[in-house]
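J.: Structure provided below as C-alpha cells; questions to follow.
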C-alpha cells in the first residue's frame, strides 16, 4: 500500500471518526446532535437575564401616562438602557393604533446585582382617545399590545419581535 493511500485513509478516518462517534453517542436522540436542548442552555443563563416587573403607573393627562417597570439585574456586570420606543395598539381590535411610547430619563444604568426603575411615557393620539371612548365606554382599564418595540442597550439596538400585553388605565 502506497503512502498516498495511507494518507487518504487517515484523512477519511479523521473526518468520519468523530461523526460516527457522535451518531453512536446520540443514537437515541439524533435531533439533539443537530439542535441542543435550549432548556439546558437557558437554565444556565437564567440567573443572568434581567427580570422585569410592573411597578405602577401615573396618569398625567387624558392623553398621557407614565408606567414604571422595576428591572432586577442579576448579572455580575452593569448594563445601560440608552433608548426604548414602541407603538401601542388595542388588544381587542388589534389593528387600531392608540399611540406611542418611549423611555424617560434615559440612559438608565443598572449596576450589578441591583434594581433600577424604568419610566415609560405613553402618549395616546386623538384617534386613539376616540377609539377608547367609542369602543370601550365606561372601562377604567383595558388591555393593550406593545408592538414595534425597539430597545437600545449598551449601544446595541434590539427589535423585539414578540408583542407585549399590558393593562392601562383609561
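Residue numbers (the numbering used here): 549 to 718.
In this text, a Cβ means the ideal position worked out from N, Cα and C, and glycines have one as well.
Quantities reported herein were computed from a predicted structural model and do not represent experimental measurements.
#1: What would DSSP say about residue 677, mapped onto helix, strand or coil?
#2: Whose CA, out of 554, 599, 615, lies closest to the CA of residue 671?
#3: Am I right that residue 634 and residue 702 are in contact with their C-beta atoms under 8 Å? What's the rounded C-beta distance?
#4: State the Cα-Cα distance for the pair residue 617 and residue 664, rounded to the nearest angstrom.
#5: Do you know offhand how far residue 582's Cα is from residue 560's?
#6: Whose C-beta lies closer than 7 Å to the C-beta of residue 711 among residues of the same chain, with five residues either side of it excluded?
#7: Would you call the segment 676 to 684 and the segment 656 to 663 touching, i.e. three or more CB-CB distances under 8 Å?
#8: Whole angstroms are fine: how far does the CA of residue 571 sit from the CA of residue 709?
#9: Run through DSSP, which three-state label would residue 625 get?
#10: Do you know whose CA, among 554, 676, 688, lies nearest residue 645's CA?
#11: Report the rounded CA-to-CA distance for residue 713 versus residue 649, giving the unit in angstroms.
#12: Assuming residue 606 and residue 600 make a contact with CB atoms under 8 Å, what is their CB distance in whole Å?
#13: Taking C-alpha atoms, which residue in 716, 655, 669 lies nearest to residue 700?
#14: For residue 716, list the residues DSSP reports as bridge partners.
#15: Measure from the alpha carbon of residue 721 to the alpha carbon of each residue in 556, 579, 715, 558, then state which is nearest.
#16: So within the segment 593 to 669, which uninterrupted beta strand (DSSP E) runs reach at least 3 residues, ignoring any that extend past its ends?
#17: Out of 705, 562, 579, 691, which one is the CA nearest neighbour of residue 640?
T.: Reading off the structure:
#1: helix
#2: 615
#3: Residue 634 to residue 702, Cβ: 19 Å. No contact.
#4: 8 Å
#5: 22 Å
#6: 693, 694, 695
#7: no
#8: 35 Å
#9: coil
#10: 676
#11: 14 Å
#12: Rounded, the Cβ-Cβ distance is 18 Å, inconsistent with contact.
#13: 655
#14: 690
#15: Lying before the first or after the last residue shown, residue 721 is absent from the chain, which here runs from 549 to 718.
#16: 599 to 607, 612 to 621, 627 to 638, 645 to 652, 656 to 658
#17: 691
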